[in-house]
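Inspection log for the structure reproduced underneath, given as structure tokens.
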Amino acid sequence: GGLIGSALVLWLYSKHHKLSFLTLTDTLVLPGAAALVLGRVANFLNGELLGPVTSVPWCVSLPNIIGCRHPSPLYEALYSLVIVGVIAWMAYASSKKWKPGTLLGVFLTAYGALRFIANFWREDVRYLGLSTGQYLSIVTFLVGIALLVWLYTREPPTTGTHKKSR
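One rule links them: number in our numbering = place in the sequence shown (from 1) + 592.
Shown next as structure tokens:
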């Protein structure tokens, strides 16, 4: 929901201010991914979104919560931190000039894939073996892939500077 709401607000903002939507999203995707890291750490500290009861050595016991559980928000914070690192490298350390929208596409693809995996260690309602978050992660992943394919297979726009042949 937050991703869709953010995209809608950014699209409206870009239209109102006559900015490139894809350039704007690429500018904001790094701080957005960093906010996800902090949000998942906060979920953990608040005892929210924990995983199922387990006996792994790193399980956590929290007040008023029965059983030692997978620290699923920390798994999500960790993969979000990896995404932050990849996007930061792409934005600042890579010598390659990326097309506008590439960072967004990489974020959506990585976030969708990694959240899908991490949600196996999160206690959620399941439908046909998958959680709602996993179904949404599949959509997020596919949108990211579609964006990247579109960006890198479409013909560049013509500038109108070609000469007419005689």
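Glycine residues also receive a C-beta, built at the ideal position from the N, C-alpha and C atoms.
| message | Quick check: what's the CA-CA separation for residue 670 versus residue 709? | response | Each residue's alpha carbon lies about 13 Å from the other.
| message | From the DSSP secondary-structure annotation, give me the bridge partner or partners of residue 676. | response | Answer is none; residue 676 lacks a bridge partner.
| request: Would you list the one or two residues that DSSP bridges to residue 723? | output: In DSSP, residue 723 forms a bridge with 718.
| query | Does the stretch 696-713 come within contact of the stretch 730-741, defined as at least 3 CB pairs closer than 8 Å? | reply | Three or more beta-carbon pairs separated by less than 8 Å link the stretch 696-713 to the stretch 730-741, which places the two stretches in contact.
| request: Starting from the Cα of residue 630, find the closest Cα among 698, 672, 741, 713 and give me that residue. | output: With distances taken between Cα atoms, residue 630 lies closest to 672.
| Thinking C-beta only, is residue 699 closer than 8 Å to residue 665? | Note that the C-beta distance between residue 665 and residue 699 is not below 8 Å.
| Which of helix, strand or coil does DSSP assign to residue 648? | Residue 648: coil per DSSP, three-state reduction.
| request: Please state whether DSSP places residue 746 in a helix, a strand or coil. | output: Note: residue 746 maps to coil in three-state DSSP.
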